[in-house]
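Student:
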């Protein structure tokens, strides 16, 4: 799934106007998603360990 170049450019411009760095903002969004799904991720990792035994 490719990111629409115009969409990214617009978002980057908006963030810049708000004084935010695009990469820092994106990293924060990734971290929020991981935090929101920590239980699911932990369950999947535990299940994987069990399969490998």
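Numbering (the working numbering), first residue to last: 79 to 131.
We treat Cβ as the ideally placed atom computed from N, Cα and C, and that holds for glycine.
(1) Going by beta-carbon coordinates alone, are residue 93 and residue 84 separated by less than 9 Å?
(2) Apart from the five residues just before and just after residue 119, which ones in its own chain have a Cβ nearer than 6 Å to its Cβ?
(3) When you compare only the Cα positions, how much space is there between residue 90 and residue 96?
(4) Using the Cα positions of residue 106 and residue 130, report the straight-line distance between them to the nearest angstrom.
Tutor: With the structure as the only source:
(1) no
(2) none
(3) 10 Å
(4) 32 Å
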